[in-house]
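All residue numbers for the sequence shown refer to my numbering, where the first residue is 2 and numbers rise by one.
First up is the structure itself, then whatever we jot down about it.
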Amino acid sequence: MKVKINSKTINIRAVWMEKNVIQMIDQRKLPFQLKFFNARNYNDVAFAIKNMAVRGAPSIGAAAVYGIAQAHAQKKDIKNAAKILRNTRPTAHDLFYAIDYMLKEIKSGNDAKNSAEKYVESLVNECRMIGVHGE
2 MKVKINSKTI
12 NIRAVWMEKN
22 VIQMIDQRKL
32 PFQLKFFNAR
42 NYNDVAFAIK
52 NMAVRGAPSI
62 GAAAVYGIAQ
72 AHAQKKDIKN
82 AAKILRNTRP
92 TAHDLFYAID
102 YMLKEIKSGN
112 DAKNSAEKYV
122 ESLVNECRMI
132 GVHGE
């Protein structure tokens with residue numbers, strides 16, 4: 002996403018994970034302020050989704066995969082984390098797909114953080130291609 006700050010345009014992701022903290026643009030503050038919501042655990046991610054700090058199917062999916070990866074890294078019950086995240090938006094099919102993807106990856110023995118990054122990269126590329134082709 003391109004953001005203009007003091008006449009300077011920068012590229013910034015809407016959601017990313019840094020040092021096991023999920024950071025996201027707090028959509029509730031836009032367009033008047035650029036503030037960030039920091040999620041330190043999957044409950045924070047659930048709060049962000051439910052209270053619309055993060056919006057849009059791709060960003061919600063990214064937050065969810067990072068939330069599952071974070072829960073796994075913190076040795077939390079990932080099935081419980083998945084349940085709580087699913088309940089934030091009962092009709093959000095992209096959210097469910099993202100969570101199912103992570104549960105499958107972890108069950109297969111794949112690294113949770115790498116799997117989350119791979120999923121988010123695919124979302125970024127899909128969104129970029131929609132912009133290129135307009136579909």
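For each residue, glycine too, the CB sits at the ideal point set by N, CA and C.
Every value quoted in this text rests on a predicted model; they were computed, and no experiment measured them.
Cβ contact annotation for Ala82 (same chain, cutoff 7 angstroms, sequence separation greater than five): Tyr43, Gly68, Ile69, Ala72, in chain order. In the DSSP assignment, Glu19 forms a beta bridge with Val22.
Judged by beta-carbon spacing, Val16 lies beyond the 8 angstroms limit of Ile6, meaning their Cβ atoms are not closer than that value.
Using a Cβ distance threshold of 8 angstroms, Asp27 and Lys20 do not count as a contacting pair. Asp101 and Ile79 have their C-alpha atoms some 11 angstroms from each other. With contacts defined by Cβ atoms closer than 8 angstroms, Ala65 and Leu31 do not form a contacting pair.
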